[in-house]
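Here's the structure, in structure tokens; my notes come after.
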Amino acid sequence: MAGKNLITASGLSVSYRIGRGLFSQTVLKAVNNVSLNIEQGSFFGLVGESGSGKTTLGRALLNAVPISDGSAHYDDGEVSFDLSNLDKPQLAEYRRRAQLIFQDPYAALSPRMTVRDIIAEPLEVMKMASSREEVDERVREIAGRCRLNLEHLRRFPHAFSGGQRQRISIARALVSRPRFVVADESVAALDVSIQADVLNLLKQLQKELGLTFMFISHDLSVVAHTCDHVAVMYLGRLVETAPTRKLFAAPKHPYTKALFSAIPSLNPDDKGKAQKLEGEIPSPTNQPTGCKFNTRCRYATDLCRQDEPMLETVDEGHEVACHRWKELSS
Amino acid sequence: MDRLIEVKNLTLKFRTDEGLITAVEDVSFSLNRGEVMGLVGESGSGKSVTAKALMHLNARNALYDPESSIILHTDRGPVDVLSLRRPADLKVVRGGAISMIFQEPMASFAPSISIGKQMVEQLQLHGDLSKAQAREISVEMLDRVGISDPAKRFDQYAFELSGGMRQRAMIAMALSTKPKLLIADEPTTALDVTIQAQVLDLMKDLVDEFNMGIIFITHDLGVVAQTANKVSVMYLGRIIEEGPVRGVINTPMHPYTKGLLAALPRLDDLDAPLTPVPGDIPSPLERPQGCVFNTRCGELMGALCSTHIPSEEWVKPEHRVLCHHFNKDAS
Amino acid sequence: MTDNLTSIPTSATAQDQKAKEAYFTASQRQLVWARFKKQRAAMVAAAVLIVLIVSGILAPFLSPYDPTIAGRNKDYLNGAPNIPMFCDKNGCSLRPFLHTIERERSIKTNFRWVEKINDDKRRYVQFFVTGSDYKILGFIPGDLHLFGIDDGFVHLFGTDASGKDIFSRTLHAIWTSLQVGSIGVFIAFVLALVIGGVSGYYGGWIDSVLQMVTDAVRTVPAIPLFMAIAAFIPQEWTSEMRFFFISLILGLIGWPTLARRVRTHLLTERNQEYVLAAQLSGASSSHIIRRHLLPSFTSYIIVDLVISFPYMVLSETALSFIGLGLKDPVNSLGVMLQNVTSADVLMNYQWYFIPVIFFIVLVMAFVFVGDGLRDAADPYSDLNN
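Residue numbers (the numbering used here), protein chains in the order written: chain V, 2 to 331; chain A, 23 to 353; chain Y, 211 to 595.
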């Protein structure tokens, strides 16, 4: 059912209390008041640099880290959950429908299990198959879709390259036929030629299995080629979100513009579109007041330093959180 | 003399439990002052091993072929790097005439010694400087690389700096001995893209100011396009294509280079499909016979590619390829 | 676009291919064993260790005499070792034999033992003789001994002050020390697994509390503890009860080091991404511990166990040596060493030291095997890019 939202987040925040000792007060707001919608069947990209909170947001939507504030909902037409308030049976059901693909293909696979066991584990843990034959059947089917041979199933992870391991990871995430898959930097550790292969596989699987993907990455070019819709995060806040083409054609937020110009272009003569950003990303424990981006923004005014901007609509599907976006785009 | 370093027929194998693994095979290139060379390759290409060989830094189980030669042109004349054995001789090369910076700056700074102390130590090892003089030079370098409040940073520890600043500090440390050649092994891969842009700008400025040569190792062709004059593409230990950066990127010759470029997501063409290079990099234990790329090549010329190693061909004045398609006498 | 690891043209022969496939499908245990086999020192040590352990188990069969007072040779106290010969002035023989040593002590010789060798009479060494009764491992009865002699005694390592055969005592002592070590290690291991496991898996305040307990136990000084225990053990206790008690105590103070290792392993493994992947599928703690965590450090724990063994043996030996552990008539290396302390022995009865050599070899064998296992135990570390 296209057009319907699978995931809706509203004012979502995730905070950690960090520091040693039982009485430490330092609070790290990893995700700060984020509201977004992920359409069913879409390939949603979440982009940001370090400290942006994108990984934490992805995990919060999977209920892997607790939500401190705000809400998030899952609704696939069959069941609907309030993700900040799941009891045990609901959580077990949600786990079948929402899965995660990790970044590091070397750390995400247990080195002492065969590939068949690794892929079969979710089925066994979630008790989704009634017999060993059924488990084997489903493992073989998903392994085939991920282009793994039968003989690969008997081997251990150490026999495989990074790209192949990532395919095993993908097979494991998909064996339980989830609806929603979060891919957390899933191609970052791969070589360029393998990366293309895995990305194509993900798109193909999306079509074949009707999945909804949330693709978390720091690599804008990868996101541009695979995602329908992109959201940009900075220091825990959502600064801009738009359908991919619109975002890349006409970004509105100064940070987004700076991100684009920072990407080294393949054209050697393409120098100096550069609106190079000065300064460092502030520490998440010591966030600036007002707009989080004001310390590095060349257009910052006093208003920016005092007031946090809210998300405003630019046009259909395109929102930006900046006090001055209108004047800066004219 | 303008020429900085000449590498000829570098072949390097490693003795491991699983057998003799060829890491680098018949690699030749040269670099002049003021030139930036991009060394591009994926995992298993041998680019890091090549870089370390330039400083004779590879592990003890490394076997250099007798025909390999690395000649470094220093102020005191040419030096044959591979023949150096004594620490005193190697010092000239390591940190002296050649400096290296790495991907992970936390790994090159000792965590419990302040940055300043390490920089001073580096300087004193390579020259007759007093501690005060070394300190002055170090603080100046820290300032030059764009670190704010350099005197304060001098006394800080590596973990107190952010990723971008640590990388700058490492560049400062590497450049404080005024090397002729800087080897940068994936220096910006671990950095955020906005910070990467700053560091790349810095490096370009420094090349101009110091008239150094830089060998820039990376897997990112975009970075190479923006910083390098010429680029060498490596696959499984061989340089399969080398040429001026515009030439290689706009008119690639080798099927692998073409494959790499086709697999790259480009921001100027969002509709273009991503075409991966088919197959997987062979395991080091299964090195292909003939042309190293033949197991994945889409433009095979029959059995020739799997039986004979192609010879190098200069298709343009500075652009060479290792491919049977360009061998005039295909034997 | 299929991808085949085996589609590379025949640069590899079929045998090569089989070898590679074997490598790809090798489980952790097989990989560890393959790496272990490559280390010569460790393999030699393992062989030696097996020989010693088997000798210990079969000690009653291998020794010609009962090592207790019951089997002593009254006529040959503090006697030098009898080395069987093959040749003497009368020619050679295939069967080894001994000459009789007659000893005399009288006023004439100033009350010192004077030995006279009667080299006309040969006493042949017999194999598979019937001798005193014994029970292997405490329950398999038998009375067959590997070797003996047709007339009199054969003392390969000599005798001690009461005439007990040192060779027999040594073999039995190895077995005793191994037993004490095993029990001690077992108790320490069980405690370490539980305490270290809970500590490492749950973390937080449970970890802090348990760590304090661990540190407290570790700081208990061994010698004063054993002195107190030695004073506390009732005299009526049989040597077996004493034996078990000493082993128990060794285990009870030996667990902190192992517990700390278990905890460290768990703390690292717990944060691995594949554990998180399992948790995200809703796996229970017990599933994660069973399928992911335990296998991940089994190899390390085995290494720890093997390396703890010699420490237990050393501890028991040291304690028995200073009189705080086992005592006569129980045979252990420490007990045998008790007699070594006088100058008389040092000067005149050097064969008392032969058990020391066995002891050193035993400990070294454990250490080498443990080291070899430790090097072989992480076959995955250098396979990561």
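In this text, a Cβ means the ideal position worked out from N, Cα and C, and glycines have one as well.
When the distance is taken between beta carbons, is Leu124 (chain V) closer than 9 Å to Ser177 (chain V)?
-> yes
CB contact check: Leu477 (chain Y) to chain V, cutoff 9 Å | no
Mind checking Leu468 (chain Y): buried by the 16 CB within 10 Å criterion, or exposed?
-> buried
Around the Cβ of Cys298 (chain V), are there at least 16 other Cβ atoms within 10 angstroms (buried) or fewer (exposed)?
-> buried
Just confirm the distance between the C-beta atoms of Leu106 (chain A) and His78 (chain A), as a whole number of angstroms; I'd bet it's less than 8 Å.
-> 6 Å
With a 10 Å radius around its C-beta and 16 neighbouring C-beta atoms as the bar for buried, classify Ile520 (chain Y) as buried or exposed.
-> Checking the displayed sequence, the identity of residue 520 (chain Y) turns out to be Pro instead of Ile. Pro520 (chain Y) comes out buried.
For Ala250 (chain A), name the three-state secondary structure that DSSP assigns.
-> coil
The segment 345 to 356 of chain Y / the segment 494 to 512 of chain Y touching (three or more Cβ pairs under 8 Å) = no
Which residue comes first and which comes last in the alpha helix (DSSP H) that contains Val566 (chain Y)?
-> 564 to 586
Leaving aside the five residues before and after Phe157 (chain V) along the sequence, list all residues of the same chain whose C-beta is less than 8 Å from its C-beta, in chain order.
-> Pro112, Arg113, Met114, Thr115, Val116
Does any C-beta atom of chain A lie closer than 9 Å to the C-beta of Thr9 (chain V)?
-> no
Residues in the segment 256 to 272 of chain V having any Cβ partner in chain A nearer than 9 Å | Tyr256, Ala259, Leu260, Phe261, Ser262, Ala263, Ile264, Pro265, Ser266, Leu267, Asn268, Pro269, Asp270, Asp271, Lys272
Could you tell me whether the segment 220 to 232 of chain V touches the segment 196 to 209 of chain V, where touching means 3 or more Cβ pairs closer than 8 Å?
-> yes
Could you tell me whether any Cβ in chain V is nearer than 9 Å to the Cβ of Arg501 (chain Y)?
-> yes
Applying a beta-carbon distance threshold of less than 8 Å, which residues of chain V neighbour Gln178 (chain A)?
-> Within chain V, no residue comes near Gln178 (chain A); the closest Cβ sits about 14 Å away, beyond 8 Å.
What does DSSP give as the partner residues of Ile205 (chain A) in its beta bridges?
-> A:Met122, A:Ile237
At a CB-CB cut-off below 9 Å, which residues of chain Y make contact with Pro90 (chain V)?
-> Chain Y residues near Pro90 (chain V): none, gap ~11 Å exceeds 9 Å.
Please go through the segment 375 to 403 of chain Y and give each complete alpha helix (DSSP H) segment of 4 or more residues, from N-terminal end onward.
-> none
Would you check if the segment 536 to 546 of chain Y and the segment 484 to 497 of chain Y touch, i.e. whether three or more CB-CB distances between them fall below 8 Å?
-> no
Roughly how many angstroms separate the alpha carbons of Thr27 (chain V) and Val404 (chain Y), rounded to a whole number?
-> 34 Å
Any Cβ of chain V within less than 9 Å of the Cβ of Leu593 (chain Y)?
-> At Leu593 (chain Y), the pLDDT of 37 sits below 50, so the modelled position is not reliable; the number obtained from the coordinates is stated separately. Taking Cβ atoms only, chain V reaches closer than 9 Å to Leu593 (chain Y), which makes this a yes.
Who are Glu241 (chain V)'s beta bridge partners in DSSP?
-> V:Val233, V:Val321
From the DSSP output, which residues share a beta bridge with Lys605 (chain Y)?
-> Limits of chain Y in this structure are 211 at one end and 595 at the other, which puts residue 605 (chain Y) out of reach.
Pick from A:Val71, A:Pro127, A:Ile93 that is closest to Leu34 (chain A), judged by C-alpha positions = A:Val71
Chain V contacts from the segment 462 to 492 of chain Y (Cβ-Cβ distance under 9 Å) = Gln482, Glu483, Tyr484, Val485, Leu486, Ala487, Ala488, Gln489, Leu490, Ser491, Gly492
Quick one: what's Asp298 (chain Y) bridged to in DSSP?
-> Y:Gly301
From Ala259 (chain V) to Gln100 (chain V), what does the alpha carbon distance come to, in whole angstroms?
-> 32 Å
On the DSSP bridge assignment, give the partners of Phe337 (chain Y) in chain order.
-> Y:Phe357
So with Cβ pairs under 9 Å, would you call Ser495 (chain Y) a contact of chain V?
-> no
Determine the extent of the beta strand (DSSP E) in which His95 (chain A) is found, giving its start and end residues.
-> 91 to 96
How about Met215 (chain V) and Gly59 (chain V): do their beta carbons lie closer than 9 Å?
-> yes
Verify whether the separation of the beta carbon atoms of Ile171 (chain V) and Leu210 (chain V) is less than 9 Å.
-> no
Proximal chain Y residues relative to Ser111 (chain V), where beta-carbon distance stays under 9 Å = Gln482, Tyr484, Val485, Ala487, Ala488, Arg501, His502, Pro505, Ser506
Give me the Cα-Cα distance between Glu126 (chain A) and Glu208 (chain A), rounded to the nearest whole angstrom.
-> 9 Å
To the nearest whole angstrom, what separates the beta carbons of Ala184 (chain V) and Val215 (chain A), a pair I think is in contact under 8 Å?
-> That belief does not hold up - the Cβ atoms of Ala184 (chain V) and Val215 (chain A) are roughly 19 Å apart, past 8 Å.
Determine, using beta-carbon pairs with one atom in the segment 325 to 337 of chain Y and one in the segment 295 to 314 of chain Y, whether at least three such pairs fall under 8 Å.
-> yes
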